[in-house]
Every structure is written in structure tokens, then in C-alpha cells.
Ligand SMILES: [Zn+2]
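In the working numbering, the protein residues as written are 6 to 640.
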């Protein structure tokens, strides 16, 4: 008996990808396969073969930093030494934490602990200042929680309880390797979970984080210092910057800082220290013996529904390519990305920006001078294509002692990177820095720089190929490019001007009209059932607006092609979103990813455009039909 074939008019995603979905197997060590992950697997395969050859001395690179990356790769593979040393390499750091008896002693050590990657009572970082993108800002926020989102801590969330159980079992097993007595081990674990529960009541939810422009809350150091006391942020800043210490901090999570005494005070210092001990220990496991490394990944495997860890060789490659991401990305780009493709895609980006401007001029809800400002923002978008021409200085500073243990090596390298980031607070922003390395299968828009980055690794089939038709490329990489550009005008990006400064450049009534359309987009996605869960329309709105803009602008270009094939366009659009994922991972993404599930990205957006109805003769009898009054096209 043959199954009835799914009609494209009813389910574009299934009609295009159904055959593949039936037989595709998710690799044991990954949560997904298809689209982005297939490309990622392929990039990884090529690069792992190169690393193997580098390590064996059969191949060499003229990028000097690559030899450090290969040395680190070898360190991960040295399991004889890792297994012999067991938990020992982390013990000195754990002893240091255990010796702390008072908040004063913690404050005295805070700077040192920060560089050693220990979680302090608050987190801090240095990023471009949202209000002035030429400068850096010192930011503060609350600590990380164990579960993926604050909503997991609700009484009626069974997944939260189950996951905390997995975390607790894992931590108990790892703690058994330490010199702590059994009694102490129990106490440390209990305190860790108790402290985590206190933090979870104060920090932002993923939904709150998704409106990132609301992170800009400048507060005088003295005021922050009063809020976070007895933790001494002033001393820490002086330890880091001396007399140049910043006078104003940007508070990314105001409630977590303002109400910090609910989780950190002199009275519950013990709770904090036990929590910090357990977190430090668990983070370290990845760089210790093989059995500790496997044990320490139990929770992350459960979160993603994955049963197996990546092979040792993969772990070695991933560790090295993450730590030295820019040189490795440049190596990948120079080796596997052609100049012809680079020029072709840059031309496509320029064409999409020009078409965007045309659409902006035709826009019906903006006043003329708001349109002009939007067009100015489009004109100044910087394009970062493939991989950077030069490797920044920091990467050549990531050197380590060849005789050090794997754990010590990672401590050294992380400290150099943390220091480099913190030092930026005193320097202007370098707008030529790249946010993504060349070997990453992804793309991004940076609102603070008003630039877009397309790493070499995404510029492949099905997204893009010189051998694919222009229509197919427009439905693939074209729509992705349009998506990234649209982030300049999504509900977050719209708050930044063409310099990347948080500034209101809108007329009040224009912004109100935009918000009305945004509301429509929230409603279009909110509550859609997916694998037993529900899509959160608010959480995903900025990404859905970006998909909507990306499709609108590329369809506009389609109309100018002499040989436009709208069917090929929509089918390739559905192809790039093809994905098979583990159930646990689907639930995790539904709760904390700002992107809608890929099957919905494929199927929801086309319904908003007349071209979809014309290309496949879709009518009200078909499932992928929505009446014209419900269709939304924002940009
Ligand atoms: Zn996006």
C-alpha cells in the first residue's frame, strides 16, 4: 500500500523534505540533523581530517596561530596523562575556594577568581556601549541558573524537576571524586540547589532577555556597589583598572542586581561558596580524565536528548577550533572558500540592500523623513563576507606551557581571553572585529555595529552554490541575507540608529504603526502546537519579523529575473529549514530559542505572500492558505 503523497499546497515543508525525513538518522552525538547541521557535520569532517594531518606532521599551515591550535588538539588527545592525573589538576583551585572564610576574603580574591573562571556572585563583561557604539561598557548581570529558563522552576513544570534530578545525580557522582567527606558532599550539593533556586527567583527569563535593547540601564558605580554589597564591586574594578576604573556600569539585569541580597549576603556566604565550588568543579570536568569528562556532560546530554558524547577526536577538534576560532576560521576560509563565490555573494548582498531601499521608499506606514533615516541605515550596513583578511593580535597571545596539564592549559588560555575582553573597557570599539568565525554555519546582524556577517561555511548548498539557479539561491542564502538585514528593523534593531547607537529615530506614529504590525506577527505564531509544546509568539517575534523581511525583499528581486522560477524559490526555502531533532531538544528550543521551529519557519512565512499562492495555485481549500486580511508583510 502506498501512502498518499503530501501535497505541497498543504505542507510545503513535508512535501519537499518528507522523503529525507523518513530515512534521515540523527548522529548519536548530535541533537539534530538536516539543513544547518548537515553542513556543520561536513565542515567538521573536512577540518578534522586536516587537524589529523597537522598533528601527524603531514601537513602545515602558514597561519602561525594554527600550531597552537594543533598543540591544544594534541593535549585533549593525551588521555594517558589526563587519566593518570584524574581530578588532581583542579584541586588547588577548589582548595582556594574552600579556604575562604569571610566576605572580606572573597572580595580580596575576587579578581583572581574571575580570571580563573570561577562564578562570582554577579557576572560581568565588557561589550560595545549600546548608547555610544564607539565606546565599550562594563556590564553587570546576575549569575547563571542551572535550568534553561526561569519558567522551568515553576511548581507545575515537570521537566524542571526531572532535569534538576539529573543535574543532582551528576554532581553527586563528580563530588565523590573530591577529597570532601560524604557528609560534606551531600551538604555542598544541597546548598548548590538551594542557592540556584534563590537566584532563579531574581534573574530575567529568556522572554525578558529576548528584548535585548532593554539591557541598557546605566547606573553609577556607587549605586551598584550599594546594591551588591557586601560583595565589593569597587575593589574589583580598582583591581582590574586601577585609577581608570569605570564610573558608570550598565546593569543588564536590574532586578537581579537590585535584589541581590535575596541570594547573596554575609549570612549565606556558605551557600554561595558551596555553589561556586560545585560549578567550578563541574566546569573543570571537561578538561580532566575521560571518565570525569563523560560524567560532567550528563546534564547537557539530557537537555538535548543525546545519548553519546562526540568521539575524543571530535572533542579535540571542537576544543581547539573554539579556543582559536578566528585563525581556524581564516584557515577554513582560505582553504575552502573561493574568491568567485565571495564576489558573487557580495554582489547579491548589495542587490538585496538596494532592493530593500526601493521597498522602503514604497513603504506605506512610515513618514517620509523616517523612511530617509531607514534608507540611511541601509546604506551604511557593513558587509563581512567569508572570513576576515587579517587575524587580530589577541589570537597570537594565546600561548601555553607545553608541559602543563590540559586543565592548566585551558585555565591559562581562558584567563588570557577574559583579560583581553576586560581590557577593552579602556579602548575604543574596533568595528573590524568579526562576531563569527569562517568555519561556522551561521550568519548574524550586529545592531551595535550595523554590520552583517556571513561566514564562509554557510555559503554552500543548499543555501548557495554557483551551480544552483538564481531562484534557488534567492530562496536559500538570499532569504538568509534578507533576514539578517531585517534584524536592523526588527523590534530590537529598530531602536538603534545607523551608527549602532540606541536612539529613537522614529516618529511616534510610525513606531506605533510598526508595533501594530509586530503584534500581528506575534499573533500569527503564538500558541501554534508543535510536538506537544507551544510556540511563544513574543519570544520568537524578532526572528519571525526577520524571516518575513527576508522573504519580502528576495521575492521582489525574483520579479526582476528573466527566468524566475518561484516554485524553485519556495522549495529551496523549505529545503534549508529541513531538520530532524530529538524530542528533548525540540522542547528545549521551544522554551528558550528566539527562533521558531524550522518546520514552521518553512511553512508559516510563505503564506504571507501572494507569490506563494500564484506559484502553486494555493486556494482556500488548501492547508497552507490564509485569507488576504491575515497576511503580513512588514518590510
Ligand atoms: Zn535572525
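Ideal Cβ placement from N, Cα and C applies to all residues, glycine included. Since the model is a prediction, treat every value here as computed from it, not as a measurement.
Check, Outcome
"Residue nearest to residue 447 in terms of C-alpha spacing, selected from 10, 42 and 32", "42"
"Status (buried if at least 16 other CB within 10 Å, exposed otherwise) for residue 477", "buried"
"Contact check, residue 250 vs residue 434, beta carbons under 8 Å", "no"
"Proximity to residue 328 [Cα-Cα], best of 352, 422 and 151", "422"
"Straight-line gap, residue 571 to residue 612 (C-alpha atoms, nearest Å)", "14 Å"
"N-terminal and C-terminal residue of the alpha helix (DSSP H) that residue 95 is part of", "Where residue 95 is concerned, there is no enclosing alpha helix (DSSP H), given that its DSSP letter is neither H nor E."
"Cross-strand partners of residue 450 (DSSP beta bridge)", "457"
"Anticipated Cβ contact below 8 Å, residue 157 with residue 280, distance rounded", "Not a contact, Cβ separation roughly 18 Å."
"Proximity winner among 585, 557 and 573, relative to residue 636 (alpha-carbon distances)", "557"
"Bridge partner(s) assigned by DSSP for residue 600", "Paired residue(s): none; residue 600 is not in a bridge."
"Neighbourhood of residue 128 by C-beta, 8 Å cutoff - its chain only, sequence neighbours within 5 removed", "145, 146, 147, 148 and 149"
"Residue 84 classed as buried or exposed, judged by whether at least 16 other C-beta atoms fall within 10 angstroms", "exposed"
"Three-state secondary structure assigned by DSSP to residue 142", "strand"
"Simplified DSSP state of residue 637, which is helix, strand or coil", "coil"
"Under the three-state DSSP convention, the category residue 15 falls into", "coil"
"Candidates 419, 126, 140 and 538: closest to residue 77 by CA position", "419"
"Alpha-carbon to alpha-carbon, residue 334 and residue 326", "8 Å"
"Identified DSSP bridge partners for residue 388", "457"
"Closer than 7 Å: residue 607 CB and nearest ligand 1 heavy atom", "no"
"Residue 514, buried or exposed, once every other Cβ within 10 Å from all chains shown has been counted against 16", "exposed"
"Spatial distance of residue 165 from residue 153 (CA atoms)", "9 Å"
"Local Cβ density within 10 Å of residue 98, reported as buried at 16 or more and exposed below that", "buried"
"beta-carbon residue 548 near ligand 1 non-hydrogen atom, thresh 7 Å", "yes"
"For residue 185, the three-state DSSP class (helix, strand or coil)", "coil"
"Same chain, Cβ closer than 7 Å to residue 552, five either side skipped, listed in chain order", "488, 606 and 610"
"Best match in 555, 277 and 270 for proximity to residue 102 [C-alpha to C-alpha]", "277"
"Stretch-stretch touch, CB-based, cutoff 8 Å, three pairs: the region 588 to 604 with the region 533 to 551", "yes"
"Pair within 8 Å by beta-carbon distance, residue 542 and residue 521", "no"
"Ligand 1 heavy atom lying under 7 Å from the CB of residue 499", "no"
"Check: residue 493 C-beta below 7 Å from any heavy atom of ligand 1", "no"
"Alpha carbon of residue 185 to alpha carbon of residue 332, nearest angstrom", "41 Å"
"Reference residue 372, options 585, 286, 519 and 455, closest by Cα", "519"
"Nearest candidate by alpha-carbon position, reference residue 115, set 223, 181, 23 and 245", "245"
"Buried or exposed (CB count within 10 angstroms, at least 16 for buried), residue 622", "exposed"
"Secondary structure of residue 3, DSSP reduced to three states", "Residue coverage of the chain in this structure runs from 6 to 640, which leaves residue 3 outside it and unanswerable."
"Segment contact flag, the region 333 to 348 with the region 459 to 479, C-beta cutoff 8 Å, min 3 pairs", "yes"
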